[in-house]
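Those protein sequences? They're chains A and B, same order as listed. Take the numbering used here: the final residue in the first sequence is number 222, and no numbers are missing along the way. Take the numbering used here: the final residue in the second sequence is number 194, and no numbers are missing along the way.
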Amino acid sequence: MDNTTSPFTNESKNDSTNNRQNSMLSKSRKCQTVELSPLEKSLINLLQHGLPVCERPFAQIADEVSSTEHEVIQCLNKLRNDKVLTRFGPMFDAASLGGAFTLAALAVPEDDFDFVTEQVNSFEQIAHNYRRTHRFNMWFVIATESAEEIDAVIAAIESKTCLKVLNTPKLKEFYVGLYLPV
Amino acid sequence: MTELMAEKTRKNQTAPANKSTSLTALERQYILLTQNGLAITEKPYHAIAEQMNISVEHVLTLTNSMQERGIIRRIAAVPNHYKLGYQYNGMTVWDIDDEQAEKFGDAVGRLPFVSHCYLRPRFLPEWNYNLFAMVHGKTPAAIAKYRGQIKELLKEVLVTRNNDSSQQITTQSNDMLTSTEILKKTGLRLKR
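Structure representation (structure tokens):
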């Protein structure tokens with residue numbers, strides 16, 4: 041559901057690993073949580089809000105967390121390498137870059153769930169896809185270059201799966217910005 | 003709960019309203035160079051300046067300009083929810099009075115535990131919810147509590163629909179869809 045990245049193409053090189061690692065959340069839930077040092081916690085909390093735009097942003101951050109520029113840089117690189125941070129840098133507003141997006145859903149019969157997952161995920165325009173607890177049990181984000189392409193993808197999904205797509209594009213955005221304090 | 007004590011930064015609150023934001027060639031180049039992340043080094047913008055063959059001042063001006071226009075929402079760290087212990091998320095959905103939707107949608111978006119909040123179209127009778135608000139928590143109880151807080155805020159504008167017994171579908175004024183499995187998750191990238 042996060043539209044804060046850029047549009048147009050899905051980065052596919054890590055897809056299969058990601059999908060494998062993340063499939064069945066419930067099984068892997070407990071073992072993924074990591075222990076964080078006080079400095080790591082401070083940096084995660086502070087930098088979810090934003091990094092100052094200046095020549096040496098990490099020196100400025102170091103002052104705020106009572107550390108040194110060198111230590112902050114080391115710590116952030118470690119957090120990124122350990123994948124505690126999934127992204128670090130400018131978050132682009134996808135829509136203002138000219139792409140088209142929608143959130144869509146399917147009510148998939150349980151027996152067909154794996155088949156439909158495969159069909160839906162086969163479209164490169166499907167960015168995210170989640171199984172959710174509802175009669176509409178499959179929710180996915182379609183990201184394309186144009187509004188017309190959204191319609192085409194929906195039509196193709198309907199024809200492949202023989203299911204009606206519930207298309208819920210955003211009419212108004214009130215807030216986007218994840219903040220997870222640690 | 004510490005999650006409740008979080009304060010939202012105001013500048014992220016209002017989204018740019020469908021304004022046309024055509025990109026210059028330099029901005030496009032900037033996006034291509036930074037969309038996979040910013041270098042975590044002493045002078046991260048110098049590396050970009052070198053690659054773009056412009057001054058670091060120019061890079062900083064570009065960055066500020068794109069941030070002011072909403073092309074860059076913020077320059078920030080995005081943590082992995084699960085590694086921080088936020089293992090539960092709920093997509094809360096609400097059937098609220100259209101006349102009041104903007105006002106109340108905005109209020110829900112301001113709640114500290116809401117990460118995304120949108121108005122979306124209904125498709126009656128199958129789908130009667132027009133407001134979506136995503137919540138994240140460390141326990142099922144946490145997200146249930148957040149849902150309760152949103153409900154309290156919206157109690158006067160929730161729509162009660164008559165359930166037609168001939169229909170198979172019963173309508174509620176709200177629901178929370180939790181994710182039980184990630185079926186696909188990719189990063190989106192601007193093409194070269």
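All C-beta atoms in this analysis are idealised placements derived from N, C-alpha and C, irrespective of residue type, glycine included.
In the three-state DSSP reduction, glutamate 59 of chain B falls in the helix class (H, G or I). Straight through space, the alpha carbons of serine 117 of chain B and alanine 143 of chain B are spaced by roughly 18 Å.
Between alanine 27 of chain B and chain A, the shortest Cβ-Cβ separation is not below 8 Å. In the DSSP assignment, lysine 212 of chain A falls within the beta strand (DSSP E) that extends over 212 to 216.
With respect to isoleucine 50 of chain B, leucine 35 of chain B sits close: the two C-beta atoms are nearer than 8 Å.
Taking CB atoms only, valine 205 of chain A has no neighbour in chain B less than 8 Å away. By the beta-carbon neighbour count (other beta carbons within 10 angstroms, threshold 16), phenylalanine 155 of chain A is exposed. Residue-level contact by beta carbon fails for glycine 150 of chain B and chain A, as no gap is shorter than 8 Å.
Fewer than three beta-carbon pairs drawn from the segment 80 to 89 of chain B and the segment 111 to 131 of chain B are found closer than 8 Å, and the two stretches are therefore not classed as touching. The residues Trp179, in chain order, have a CB closer than 7 Å to that of arginine 172 of chain A in the same chain once the five nearest residues on each side in sequence are set aside. Neighbourhood of cysteine 202 of chain A in chain B, by CB distance below 9 Å: empty, with the nearest CB roughly 16 Å away. Inclusion of aspartate 177 of chain B and tyrosine 131 of chain B in the CB contact set at 8 Å is warranted, their separation being smaller than that value. Just measuring C-alpha positions, the residue of A:Leu87, A:Glu189 and A:Met131 sitting nearest glutamine 37 of chain B is A:Met131. The Cβ-Cβ distance between leucine 62 of chain B and histidine 174 of chain A does not fall below 8 Å. By the Cβ rule, the segment 138 to 153 of chain A does not count as touching the segment 97 to 109 of chain A, because fewer than three pairs are nearer than 8 Å.
Here threonine 36 of chain B carries a helix assignment [DSSP, helix/strand/coil]. For tyrosine 90 of chain B, the closest alpha carbon among the candidates B:Thr43, B:Met54 and B:His138 is that of B:His138. Excluding the 5 residues flanking it on each side, phenylalanine 176 of chain A has same chain C-beta neighbours closer than 8 Å at Ala145, Leu146, Ala147 and Leu206, in chain order.
For the segment 31 to 65 of chain B, residues whose beta-carbon sits nearer than 8 Å to a beta-carbon of chain A comprise Ile33, Thr36, Gln37, Asn38, Gly39, Leu40, Ile42, Thr43, Glu44, Lys45, Pro46, Tyr47, His48, Val58, Leu62 and Thr65. Counting only the Cα atoms, leucine 185 of chain B lies some 21 Å from leucine 125 of chain A. Annotation: Cβ neighbours of isoleucine 77 of chain B in chain A (cutoff 7 Å, chain order): Gly90, Leu91, Val93, Gly129 and Pro130.
Residue burial is scored here from C-beta neighbours: leucine 211 of chain A has fewer than 16 other C-beta atoms within 10 angstroms and is therefore classed as exposed.
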